[in-house]
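Residue numbers (the working numbering), protein chains in the order written: chain V, 1 to 335; chain X, 1001 to 1335.
By construction, the Cβ of each residue, glycine as well, lies at the ideal position given by its N, Cα and C atoms.
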């Protein structure tokens, strides 16, 4: 009662108390509504467990793993922490069935699926008592995910690194539209590397955030040090979405990128692009550190990443920035 | 004192009181930190004066006007309201000198310049006691604008409608980076059509917002009713940035768009695209209502615009949404 009075006396009344991140924290059993992206070549057990220990939800990225490698990472993560962590499985993975069997056998409790139909694995995973989150890049696929019975959604905007949707909808436009389309818990991704951006995502209607680039460049990331350094050095305009005729991917503008970009500009066909891409370029760039010929997947927020930090420090920074930004906004009611 | 105690008792303390929009309201002498974009074929005296009367800053878009037409619009706006309004001048306009003379002669007090160097007109305009705001799409040009002595900046993201920057930086990534680069008052543009998005822009560090698409489809917009209807019917993924080899522009996906998009995908040269574009297509689409062959410039936020409303109703809605979203966030401090 007094709270309401005080508030309305000061700058207008709020008629409800609501904590947007409660849903996410409860679903996953975590302290902060922050998920680290399950990124190929970056998100091993070390990053995932560090994020979970810092109070977020760490994801192991199975996209770059064979089933036996994934098993090893899950077992190491279990040894490193008793806190919840999850696994991300891109549904274009040729060994997805074996991966899913490893996941359920090893007692993983949370799975993020992406790049495919949310119908494919949801009931299998639910059957094993696993929380299922599906990654989408449009309101339409958010609706399909809800129909498929998933427990939460990640909506990822155009500014994100790596592979993404064809419609190029940015986080600013995407989150409110997904928020309207579904009542499922909603995690915003794409362009988030600071506490201010976290707060912006919450303002747009998200209940939590998934952060990629910032953790890709963290100390605990399994990416090559050269790649992490390249991320820190990437300035504004230093990335671009290419390979749109294959699977659109946002890359740092290196020599390989420029060849592809020129070819696309000159009308290269999907076949020609496939040949230019070849095999193993993401590994070559991000895991082996070939900054010239590798595929260097990163989001636009790389321009806001200034140093390679341990996960624990990153969390402290994010939370401080979030709270400071919230303080700045708190009394901005418009009358 | 009590406020602090109460706050910290409840969910952690804020150590400062700060109203991010105060700067913008003071600079322009307006009630709400909302500027309507100075859009070609949409932003005439009617829209500009309606926005100013509703408490924001209305802009007349000189991009589609000859000097004598602009004079008429300024005079009508002056008759319609004594409240401040401004004029937007794209610096690729062939008659910009004559436009600037009309602006200073007719006693306009606020000018937004875009698509050119901020050095070009700033001292001329300052010499006439005019507040100068420059539109940028990168932190680098924000710095150049500050050097040129402008009074405020609009930073416009990739999701915006019409012509935009080549780096494709989205509002989510752009605003924090421009905020770091300059201490000038900062207006966020691109992807903003709801109060939630306004709040998100403020969280990112903006002091105010510039809204285009929503006002382009307002009752007072001078656009053709067919175009306004097309905006309302545009769904998610219904726009795309094209003509990147000329001046990148975000368009609704109509027949003309598809021809251009196909040609680009097949490697069309700048010359070929110029020929396809021809002259007067923006007028044809937005002012004359040719939805098939016209250029239909609109932002991604069109998908969030559900009806053609009067400006006054739009403002009430925006402010209600902003305050509600702020209420939802108010107690979301992370501890």
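Between the beta-carbon of residue 1156 of chain X and that of residue 1137 of chain X there is about 5 Å, and that keeps the pair under the 8 Å contact cut. Look at the stretch 1310-1325 of chain X: the residues with a C-beta under 8 Å from a C-beta of chain V are 1319, 1322, 1323, 1325.
Against chain V, a Cβ distance below 8 Å from residue 1258 of chain X picks out nothing, because the smallest value is about 15 Å.
Not a single CB atom of chain V sits nearer than 8 Å to the CB of residue 1219 of chain X.
Here residue 145 of chain V really is in contact with residue 118 of chain V; their C-beta atoms are around 4 Å apart, less than 8 Å. Below the 8 Å Cβ cutoff, chain X contributes 1020, 1199, 1202, 1203, 1326, 1329 as neighbours of residue 329 of chain V, in chain order.
Residues of chain V with a Cβ closer than 7 Å to the Cβ of residue 1334 of chain X are, in chain order, 32, 319, 322, 323.
Judged by beta-carbon spacing, residue 36 of chain V lies beyond the 8 Å limit of residue 25 of chain V, meaning their Cβ atoms are not closer than that value.
A straight-line Cα-Cα distance of about 19 Å links residue 109 of chain V and residue 148 of chain V. Per DSSP, the unbroken beta strand (DSSP E) holding residue 134 of chain V starts and ends at 131-136.
When C-alpha distances from residue 1297 of chain X are compared across X/1228, X/1321, X/1262, the shortest belongs to X/1228.
The count of Cβ pairs closer than 8 Å, one atom from the stretch 226-244 of chain V and one from the stretch 63-70 of chain V, stays below three, leaving the stretches out of contact. Within a 10 Å sphere around the beta-carbon of residue 46 of chain V sit 16 or more other beta-carbons, which makes this residue buried. For residue 264 of chain V, there is no enclosing beta strand (DSSP E); the enclosing alpha helix (DSSP H) covers residues 255-265. Beta-bridge annotation (DSSP): residue 250 of chain V is paired with V/162, V/241. According to the DSSP assignment, residue 1207 of chain X belongs to no alpha helix (DSSP H), since it is labelled neither H nor E. Rounded to whole angstroms, the gap between the alpha carbons of residue 106 of chain V and residue 53 of chain V is 19 Å. Within the stretch 294-305 of chain V, the residues whose Cβ lies closer than 7 Å to some Cβ of chain X are 300, 301, 303, 304, listed in chain order.
Between the C-alpha atoms of residue 150 of chain V and residue 132 of chain V there is a straight-line separation of about 5 Å.
Listed along chain X are 1167, 1168, each with a C-beta nearer than 9 Å to that of residue 240 of chain V. Residue environment analysis places residue 290 of chain V among the buried positions, since at least 16 neighbouring C-beta atoms fall within 10 angstroms of its C-beta. For residue 1194 of chain X, the closest of X/1039, X/1055, X/1302 by C-alpha to C-alpha distance is X/1302. An exposed status is given to residue 1266 of chain X, since fewer than 16 other beta-carbon atoms sit within 10 Å of its beta-carbon. Nearest to residue 1295 of chain X by C-alpha distance, out of X/1049, X/1283, X/1306, X/1305, is X/1283.
Here the C-alpha atom of residue 129 of chain V lies approximately 34 Å from the C-alpha atom of residue 317 of chain V. Taking 8 Å as the cut-off between beta carbons, the residues of the stretch 114-139 of chain V near chain X are 138, 139, in sequence order.
Counting along the chain, the unbroken beta strand (DSSP E) around residue 86 of chain V starts and ends at 85-90. Taking 8 Å as the CB threshold, residue 1275 of chain X stays off the interface with chain V. Nearest to residue 23 of chain V by C-alpha distance, out of V/220, V/243, V/202, is V/202.
Taken through DSSP and simplified to helix, strand or coil, residue 1152 of chain X comes out as strand.
Spanning the alpha carbons of residue 1139 of chain X and residue 1167 of chain X requires a straight line of approximately 11 Å.
In the same chain as residue 332 of chain V, and ignoring 5 residues on each side of it, no C-beta atom comes closer than 6 Å to its own. Taking C-alpha positions only, residue 51 of chain V is separated from residue 312 of chain V by approximately 7 Å. In the DSSP assignment, residue 1181 of chain X falls within the alpha helix (DSSP H) that extends over 1171-1181. Annotation: the continuous alpha helix (DSSP H) that includes residue 141 of chain V extends over 139-147. Looking at the backbone, the Cα of residue 1127 of chain X and that of residue 1165 of chain X are separated by about 29 Å.
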